[in-house]
Structure formats: structure tokens, C-alpha cells
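Residue numbering for the sequence shown follows UniProt numbering, beginning at 1 and increasing consecutively.
Ideal Cβ placement from N, Cα and C applies to all residues, glycine included.
A quick note: this is a predicted structure, and the numbers were derived from the prediction, not measured.
Remarks on the structure that follows.
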Amino acid sequence: MTQATPSADAAQTLGFQAEVKQLLHLMIHSLYSNKEIFLRELVSNASDACDKLRFEAIDQPDLLAGDTDLHVRVDYNKENRTITISDNGVGLSRDEAIANLGTIARSGTKEFFSKLTGDKQKDAQLIGQFGVGFYSSFIVADKVTVRSRRAGLPSADGVEWISDGQGEFTVSQIDKADRGTEVTLHLREDEDDFLSNWKLREVLRRYSDHISLPVQMLKEEWDKDKGEQVKQDEWESVNQASALWTRSKSEVTDEQYREFYKHVSHDFDDPLAWTHNRVEGRNEYTQLLFIPKRAPFDLYDRDARRGVNLYVKRVFIMDDAEQLLPSYLRFVRGVIDSADLPLNVSRELLQESRDVKAIREGSTKRVLSMLEDMAENKKEDYATFWAEFGQVLKEGTGEDAANIERLSKLLRFASTNEESDAQVVTLADYVSRMKEGQDKIYYVTADSYMGGYNSPQLEIFRKKGIEVLVLWDRVDEWMLSHLRKFDYKELASVAKGGLDLEAMADDNEKKHQTEVAEQFKPLVERLQESLKDRVKEVRVSSRLVDSPSCVVVGQNELSPHLQRMLKAAGQDAPNVLPVLEINPDHALVQKLNGVSDDSFKDWASILLDQALLADGSQLPDPTAFVKRINQLLLN
């Protein structure tokens with residue numbers, strides 16, 4: 001957005017960012033059935049502004065300028081049909097008003113809008129995931145006026161922001177005596193319900209009881225002469241104004257926990273679970289941590305800041321203290337309030353602090369306990385959690401060696417087992433179903449579930465009734481480099497090395513394998529010579545039943561799936577030649593014994609190319625493959 005430099009007090013009309021226009025349209029049309037959330041969001045923003053001022057005032061006490069009684073106030077005017085939410089917090093400068101109220105400076109925005117469907121109910125859920133915020137004002141208002149002055153700036157540097165939500169907003173410089181922000185909503189014609197003291201108080205108690213600052217309204221008393229309630233010149237608190245996490249668990253209702261979660265996360269949905277604890281001893285701190293129901297759009301954005309809110313002795317310090325939980329738990333929301341950290345703690349100090357390390361370890365254990373309880377006692381909720389955050393939790397196997405055993409029990413996988421829900425198999429489930437003589441947990445990695453499920457390498461396992469885990473998440477290969485064993489059983493890829501199924505093979509099978517290997521030795525040598533530039537080795541397979549061939553790699557080599565992922569990410573991957581395994585019982589392989597030298601190279605190439613395609617690899621020369629197939633079909 002190109003802006004001309006305005007004079008000091010000139011009004012300037014600017015256009016909303018394109019995403020804001022879309023969001024405003026959705027606010028009005030998709031969230032109309034839950035209109036009162038605008039009050040929750042605006043009061044929450046006002047509370048955040050006061051918290052931020054309190055934090056900045058630690059190093060700059062002059063910012064408070066004698067006005068240390070931080071609060072949020074809500075008032076209404078029946079005649080003008082307005083509601084005003086004001087605070088004496090940190091406020092906005094002119095540039096901040098343009099940046100914060102005219103754009104959505106949030107990663108994941110494009111993905112958010114790409115998922116919108118036009119279905120009001122579904123889109124409302126998406127808006128909830130994205131966060132509602134200031135723009136919820138336009139659910140009930142056809143015009144919004146924001147007047148603000150940043151703490152530390154002179155009164156002449158106030159700013160007024162006005163918009164009808166139709167695509168543009170006007171910004172001008174004003175004189176504002178007090179610091180902070182007031183948001184005035186000019187209500188639509190059919191929103192008179194909110195011009196009521198009783199209605200506003202009822203909504204505020206429901207949504208703001210957990211806020212540690214007082215949320216105030218003017219006291220009203222009955223005037224006999226006028227026959228109505230009349231406002232008095234006295235502000236009184238509507239909420240309890242005590243930090244919810246400092247209260248005893250017995251004093252807090254489930255509904256209050258849910259509303260507090262929405263306050264700290266700006267989520268529209270209720271949380272799946274929460275844990276509230278006070279830790280005493282060498283380190284004293286309080287945890288109130290929540291598991292969301294849905295993943296935010298920036299969950300995999302490396303540049304996005306995330307983390308829980310950090311307080312020190314109830315003083316807000318920062319809202320994305322990512323050092324307090326490991327990266328693989330970055331979906332957790334909530335509050336940690338320390339009694340030991342200094343008030344001027346910085347991000348750099350957080351990284352080095354021994355107290356922070358203790359808080360991090362204790363909070364990690366609390367979250368894992370919460371997940372374990374959910375997995376054991378609320379299986380449907382855990383299935384919801386796994387669908388949203390399972391890939392992130394898998395990252396913990398490489399990040400958190402101290403808790404890898406607990407994490408491994410929380411993992412869920414798809415598998416070839418057809419007697420239970422094959423999409424949510426635990427490693428313990430798998431071990432309980434292992435065949436007699438089986439000493440490994442077998443898995444296959446692929447680009448998709450069906451690609452893994454139908455892999456030729458699984459054929460011998462199906463024949464023997466051996467279950468195989470099917471892994472296709474991008475993080476799986478990395479996870480497997482750290483998760484080597486479970487319950488003393490090694491995790492083994494069906495596509496690496498030679499299969500070690502002798503313990504489950506009878507004498508006749510072993511004898512047949514030995515005889516066949518000797519019988520097909522000349523063919524193996526011919527194939528090896530013909531494909532010497534493309535394969536590391538050719539050998540008779542013990543893993544194929546229906547397919548003529550497959551490719552595998554050595555036990556300690558990168559799998560073809562991982563090689564493809566690295567190349568797709570623009571990283572260098574070693575060029576590992578595969579091993580070609582052939583099925584001696586397949587008619588196509590048996591026919592090769594009689595193929596002349598003139599066409600043998602074409603047959604050998606087709607056998608290898610088929611195996612590569614079945615494995616999900618791209619052929620080095622697809623045109624040549626098609627020509628060979630066509631030629632052989634015509635013969």
C-alpha cells in the first residue's frame with residue numbers, strides 16, 4: 001500500500017489489506033449467530049494493552065505518568081446508539097494504528113483464506129482458528145471509531161481511526177489528554193439489545209471474569225421520577241478482577257477455564273483439555289496450560305512466534321515465551337506465572353536461566369500427563385488431537401530424549417491390521433499382536449497411505465499374517481532415526497536390507513529358498529550385467545508374492561522415500577543405487593530365462609522401472625520406458 005506523507009494533522013484515507021476485506025465480510029455474515037463475541041475480543045485486547053504497559057513500565061516507569069490504576073471500562077449511550085470500550089493501557093501511535101488496524105500481520109493468512117468454503121458454519125470454525133480480534137467489531141457495528149494515544153507521547157500526538165468496514169479507513173491526528181485506547185461502536189439498526197446495562201454486564205461476567213484487571217461499568221440506580229435506571233458518576237467492577245490461574249482449582253468452573261482459554265488463545269473453540277497446578281519447592285510457579293481442539297494455520301511456519309504467556313508475580317512479561325516448552329509442544333496455550341524470575345527478564349536470559357529449564361521440564365511433564373490421560377480415558381478427544389497435532393508430537397522423539405519412552409506410547413500409526421481401527425494403532429497394540437518368533441516391529445514408509453499399503457515389499461508379510469505399520473508423514477523418516485526400539489523390539493523397515501524372517505519359516509520354505517537362489521543364479525548375473533549402471537545388486541527376493549520385482553536399499557542407507565523428500569526440499573541427497581529383488585515364482589521373471597540377448601536389456605529395464613514406479617520413484621527416462629512397453633506389446 002503506497003502512502004503519501006501527510007502533514008502532522010491531516011486526515012488520511014487508506015485502503016484495507018485484501019485479506020482484511022475478506023475477513024470483515026465473513027465477520028458480518030458467518031459469525032452473526034454469535035454476535036456477543038465482539039465484547040470478549042475487545043475487552044481482551046484492552047486487557048492485553050494494559051499488560052503490555054505494565055511490562056514496559058518496568059524499565060520506563062515514567063510511562064505510567066501517575067496513572068497506575070490500570071483498568072478496562074465499558075459504557076453505552078442509548079441516544080447515540082454507541083458502545084465504548086476504553087483502557088488506560090499502552091495505546092497506539094499513528095503508525096501502529098495504520099499497521100495494526102488495517103492489515104493482518106500474521107503468518108498463515110493465505111492458507112487460511114484458501115480453506116474458506118462459503119459454508120457459514122464451517123467458515124465460522126476457521127475464523128475461530130485464525131482468531132477474531134478487533135475486526136469482530138463489525139459484527140454489530142456499521143461504523144467504528146478508535147481514539148488512542150501511545151504511552152510516552154504528548155497529548156497532541158493522539159490518533160483517530162474511523163471506518164465503516166467497507167474497504168477504507170481514515171486516520172487523523174487528534175489531541176487526546178489521556179493515554180490508552182477507546183473503541184466506539186456505532187451499532188447497526190437491529191442491535192439495540194446491547195444498549196442495556198443488564199445485557200452488557202451479563203456478557204462481561206461470562207467472558208471477562210478471569211481477567212486480572214478490573215472491567216468496570218458505571219453504577220446505575222433506579223430513579224423514581226424518571227421511572228428508569230440512571231447512571232451514577234461512579235465506576236464499579238463487573239468481573240472478579242483476580243488472575244484466574246492464582247485461584248484454587250475448586251473455585252474455578254469449567255466454563256471459566258474455557259473462557260480464559262479463549263482469552264489467551266483468541267480461539268473460537270473450546271479447548272480439548274487443560275491442567276492447572278501450583279508447583280512449590282526449589283522453583284515456585286503456577287501452570288495453567290491448554291490443549292487446543294484445532295491447529296493454528298502457522299503451526300509449521302518456522303518464523304511464527306509461539307508459546308505460552310509468561311507472568312512474574314502476576315506481572316505480564318511476554319505472550320510468546322517459547323523457551324518455557326519444547327518446540328514439539330508449540331501448540332500448547334496458557335499461562336506460566338513464576339515467583340522466582342526477575343521482572344526484567346529478557347528472551348536471552350530465558351534461554352540461559354536454570355529456573356527456566358526447571359519450569360520447562362516440569363511443564364513438559366504436565367502436558368505429557370495430560371495427553372496420557374486423554375489417550376487413556378477420552379479416546380475420541382485424543383483422536384481429534386492426533387489428527388491435528390500428531391505430526392508435531394512426532395518431532396519430540398528427536399528433540400526430547402528424556403521423554404522418548406512416554407512419547408512413543410502416545411504415537412499413533414496406520415497399519416495393515418484389518419481387525420481393528422487400522423489408522424490409530426499404538427506401538428503397544430502392535431507388540432501385543434506380534435507373531436510367535438517375530439522379534440521386530442516392521443514398517444514401510446511411502447509418499448501416501450495407499451502407496452505404502454499397496455507396496456510390493458509387504459506381500460510376504462501379508463502372506464504370513466504379519467502386521468506392518470504404514471508411515472507417510474513427512475516427519476516419519478526423521479522420527480525413525482531417533483525412535484529405534486519400543487519395548488525392547490527393534491523397528492525395522494521392510495524396504496531395507498535382507499529380510500530376517502527365518503524364525504517364522506518352516507523347513508520346506510528354507511529349502512525352497514535355497515534351491516531357487518541357486519536355480520536363478522544365471523538370470524541374476526545377466527540382470528546384474530545389464531543393469532550395472534542403475535542398481536547396486538540384483539538378488540532373488542524372499543519378500544515378493546504377487547509382484548515380479550521391487551527395489552530396496554541397504555540397512556544403513558537412505559530410503560528412496562527420504563531421498564525424494566530431501567531433493568524436493570532442495571537439499572543434496574547422496575545418490576544411492578538400489579538393490580533390485582526379483583520374484584522367481586512370477587511368470588514375467590520366469591519368461592526372462594528364455595529372452596534373447598537382443599531384447600534382454602529392454603526386459604531388464606522394464607523390470608527395474610516397474611519396481612521404481614511401485615516404490616513411488618520418478619523414472620530417469622519415462623519416454624524410453626513407454627517405448628519399451630509399446631514395443632513389447634506389439635511383439
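Report task. Name, in chain order, the residues that DSSP records as bridge partners for Ser-148. Result -> Val-159, Thr-181
Report task. Please classify Asn-575: does DSSP put it in a helix, a strand, or coil? Result -> If DSSP states are grouped into helix, strand and coil, Asn-575 belongs with coil.
Query - Arg-320 versus Arg-282: straight-line alpha-carbon distance, rounded - result: Looking at the sequence itself, residue 320 is Asp, so the reference to Arg does not match. Cα to Cα, Asp-320 sits roughly 25 Å from Arg-282.
Query raised in the report: Any idea if Leu-632 is buried or exposed, counting beta-carbon neighbours within 10 angstroms, 16 or more meaning buried?
Result: exposed
Query raised in the report: When DSSP labels each residue in this structure, what does Trp-222 get in the three-state scheme?
Result: strand
Query raised in the report: For Glu-182 versus Arg-147, is the C-beta spacing smaller than 9 Å?
Result: yes
Query raised in the report: Using CA coordinates, which residue listed in Val-264, Trp-235, Ala-495, Glu-234 is at the minimum distance from Trp-245?
Result: Nearest C-alpha to Trp-245 among Val-264, Trp-235, Ala-495, Glu-234: Val-264.
Query raised in the report: Thinking C-beta only, is Arg-73 closer than 9 Å to Ala-141?
Result: no
Query - Boundaries of the alpha helix (DSSP H) in which Thr-416 is found, first to last residue - result: Run containing Thr-416: none; DSSP gives neither H nor E here.
Query raised in the report: Leaving out five residues before and five after Ala-492 in sequence, what residues of the same chain have Cβ atoms less than 6 Å from its Cβ?
Result: Lys-440, Tyr-442
**Report entry** Span separating the alpha-carbon of Gln-457 from that of Val-332
**Finding:** 39 Å
**Report entry** Alpha-carbon to alpha-carbon, Leu-329 and Ser-481
**Finding:** 20 Å
Requested in this report: For Gln-423, name the three-state secondary structure that DSSP assigns.
Outcome: coil
Query raised in the report: Would DSSP call Val-626 helix, strand or coil?
Result: helix
Query raised in the report: Quick one: Cα of Gly-108 to Cα of Arg-534, how far?
Result: For Gly-108, the pLDDT reaches just 48, beneath the cut-off of 50, and the residue's location in the model is therefore unreliable, although a value from the coordinates is still provided. If you take the alpha carbons of Gly-108 and Arg-534, they lie about 42 Å apart.
Requested in this report: Look at Asp-67 and Arg-179 and say whether their C-beta atoms are less than 9 Å apart.
Outcome: yes
Requested in this report: Following the continuous alpha helix (DSSP H) through Ser-44, name the residue where it begins and the one where it ends.
Outcome: 37-59
**Report entry** Ordered list of beta strand (DSSP E) runs contained in the segment 351-384, each at least 3 residues
**Finding:** none
Query raised in the report: Taking all protein chains shown into account, do 16 or more other C-beta atoms lie within 10 angstroms of the C-beta of Ala-401, making it buried, or fewer, making it exposed?
Result: By the Cβ neighbour-count rule, Ala-401 is exposed, with fewer than 16 other Cβ atoms within 10 Å of its own.
Report task. Can you give me the Cβ contacts of Thr-286 inside the same chain, cut-off strictly under 6 Å, excluding the 5 residues immediately before and after it? Result -> Taking Thr-286 as the centre and dropping the five residues before and after it, the same chain places the C-beta of Trp-245, Arg-278, Asp-337 closer than 6 Å to its C-beta, in chain order.
Query raised in the report: For Leu-39, which residues from the same chain have a beta carbon less than 6 Å from its beta carbon, with the 5 sequence-adjacent residues on both sides left out?
Result: So the qualifying residues of the chain are Val-203.
**Report entry** When Val-516, Lys-521, Arg-412 are compared against Leu-469, the one with the closest alpha-carbon
**Finding:** Arg-412
Query raised in the report: Relative to the C-alpha of Glu-280, which residue among Gly-89, Val-551, Ile-359, Glu-220 is closest?
Result: Ile-359
**Report entry** DSSP beta-bridge partners of Gly-15
**Finding:** Glu-168
Query raised in the report: Going by beta carbon distance, what residues of the same chain come within less than 7 Å of Asp-175, once the five residues before and after it are set aside?
Result: Ser-155, Ala-156, Gly-158
**Report entry** Option in Glu-395, Gly-398, Leu-371 with minimal Cα separation from Phe-385
**Finding:** Leu-371
Query raised in the report: Residue ranges of each beta strand (DSSP E) run of no fewer than 3 residues wholly in the segment 493-539, ordered along the chain?
Result: If one requires a minimum length of 3 residues, no beta strand (DSSP E) run lies completely within the segment 493-539.
Query raised in the report: On the premise that Ser-617 lies in contact with Pro-548, defined as a C-beta separation below 8 Å, what is that separation, rounded to the nearest angstrom?
Result: Not really, about 16 Å apart at Cβ, beyond 8 Å.
Query raised in the report: Per DSSP, Val-215 forms a beta bridge with which residues?
Result: Val-72
**Report entry** Asp-615, DSSP secondary structure in three states
**Finding:** coil
Query raised in the report: So is Gly-396 buried or exposed if we call it buried at 16+ other beta carbons inside 10 Å?
Result: buried
**Report entry** Sheet register partners of Met-318 (DSSP bridge)
**Finding:** Leu-310
Query raised in the report: DSSP state of Ile-466, grouped into three classes?
Result: coil
Report task. Give the secondary structure of Val-20 by DSSP, where H, G and I count as helix, E and B as strand, and everything else as coil. Result -> helix
Query raised in the report: DSSP three-state call for Tyr-300: helix, strand or coil?
Result: Coil.
Query raised in the report: Would a C-beta distance cut-off of 9 Å place Leu-580 and Val-538 closer than the cut-off?
Result: yes
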